[in-house]
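Visitor: Sharing a structure, written as structure tokens. Questions coming.
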Amino acid sequence: KKKAKELKDNIATTSYALQEADAELRKLSTQVVQSPERIIVEVSSIKKTLENEKAECRKAEEEAQSCKAKIANVAKTETDIVNVIQIMDEAKDRKVMYEQVLEEIEASEENIALNQKKIAE
482 KKKAKELKDN IATTSYALQE ADAELRKLST QVVQSPERII VEVSSIKKTL ENEKAECRKA
542 EEEAQSCKAK IANVAKTETD IVNVIQIMDE AKDRKVMYEQ VLEEIEASEE NIALNQKKIA
602 E
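The working numbering runs 481 ahead of the 1-based position in the sequence shown.
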């Protein structure tokens, strides 16, 4: 009797362990790859997509660097234009001064000519 009870307990324990193992097997079977070829194709596709994204990122970075260089060139050009305008203003002022000096010379020459005429009379 005692042996039969032990066997029944052992059968019950084993049966319970078998049910747990079966449940674990069902749980893990969802994680087992059914089609490795499909997974390989998907991974390959993901790799290609990643490579394309990296290439686009590199291209965007190159364009950003190019834009930075263009902005720097525009800023330098603006500075150069301001300098040229300043030089042109200075040249304009000197031209006005030159024209005034010419007028003064002409007036002086006329005065000299009149004075020489008066002296000659």
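All residues carry an ideal CB built from backbone N, CA and C; glycine is no exception.
Alpha carbon to alpha carbon, how far is A556 from E590? Give it in angstroms, no decimals.
Guide: The alpha-carbon atoms of E590 and A556 are separated by roughly 51 Å.
Visitor: Helix, strand or coil for E487 per DSSP?
Guide: It is helical.
Visitor: Going by beta carbon distance, what residues of the same chain come within less than 7 Å of V582, once the five residues before and after it are set aside?
Guide: Once the five neighbours on either side are set aside, V582 has no close Cβ partner at all.
Visitor: Can you tell me whether DSSP reads V513 as helix, strand or coil?
Guide: Coil.
Visitor: When DSSP labels each residue in this structure, what does E537 get in the three-state scheme?
Guide: Residue state, collapsed to three classes: helix.
Visitor: Consult DSSP for E602 and reduce its assignment to one of helix, strand or coil.
Guide: If DSSP states are grouped into helix, strand and coil, E602 belongs with coil.
Visitor: Once the 5 residues before and after L531 are set aside, which same chain residues still bring their CB inside 6 Å of it?
Guide: Excluding sequence neighbours, L531 sits near nothing in its chain.
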